[in-house]
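Student: Attaching a single structure in structure tokens format; questions to follow.
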């Protein structure tokens, strides 16, 4: 029985949250010229199968099989091998450089987090006979609501500081740093999760440009040698 294949579902789901890493696998080990998104379909002791989109508007994903050389001997070997392959691929594609994030945008989680905050506000200010008041009383009264606020604010302060460290790392500039930190303080995970999404997009774009540039340089060199 293939121990790695038996846990393929979990590994594939986990790795599909790291699409920049999967794109690196496709381009470096799978020799794919361009990929803008990718997800792991399956993994076994012998190989992993990754589906990818060469362009954002591509109608059908393509697949590439990447063998493990040597093959994995156990499930415990999968994670360190994947990490080692990630490091090698990102270095080869120059994805290990820290991308500059010079933009700001609201994330996909903003509506959901705003709904939660609005619900908490309603439970705080509404009268006992209103919807929010009834929820508050059912949850244990104002003491529970105050505890929820303290917990939420504490988490958001920590998340805002974490966002600040990310902004310094990726050189966002004063204005964008303020916007990202303020958004994260207000809405927590909705801020830094979107920031990390942008970082992944920049890494993928950088890798694609690097492959195109190296490919063009190689073609020009080949033509020059032919002319000689």
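In the UniProt record's numbering, the protein residues as written are 1 to 228. We put the CB at the ideal spot given by N, CA and C, even for glycine.
1) Quick check on residue 51: does DSSP put it in helix, strand or coil?
2) Are residue 199 and residue 159 closer than 9 Å when you measure CB to CB?
3) Is the stretch 100-112 touching the stretch 168-175 in the sense that three or more CB pairs, one from each, lie closer than 8 Å?
4) Any chance you could list the beta strand (DSSP E) runs of at least 3 consecutive residues sitting entirely within the stretch 53-101, in chain order?
5) In whole angstroms, what separates the C-alpha of residue 119 from that of residue 151?
6) Between residue 54 and residue 33, is the Cβ-Cβ spacing less than 9 Å?
7) What's the C-alpha gap between residue 129 and residue 202?
8) Run through DSSP, which three-state label would residue 126 get?
9) Pull up the distance between the alpha-carbon of residue 38 and that of residue 17, whole angstroms please.
Tutor: Reading it off the structure:
1) The answer is strand: DSSP assigns residue 51 an E or B state.
2) No. Outside cutoff.
3) Because the criterion of three Cβ pairs below 8 Å is met, the stretch 168-175 and the stretch 100-112 touch.
4) As far as the stretch 53-101 is concerned, its whole beta strand (DSSP E) runs of at least 3 residues are 62-67.
5) Roughly 15 Å separates the two Cα atoms.
6) Less than 9 Å divides the Cβ of residue 54 from the Cβ of residue 33.
7) The alpha-carbon atoms of residue 129 and residue 202 are separated by roughly 51 Å.
8) It is coil, neither helix nor strand.
9) Their backbone Cα atoms lie some 10 Å apart in a straight line.
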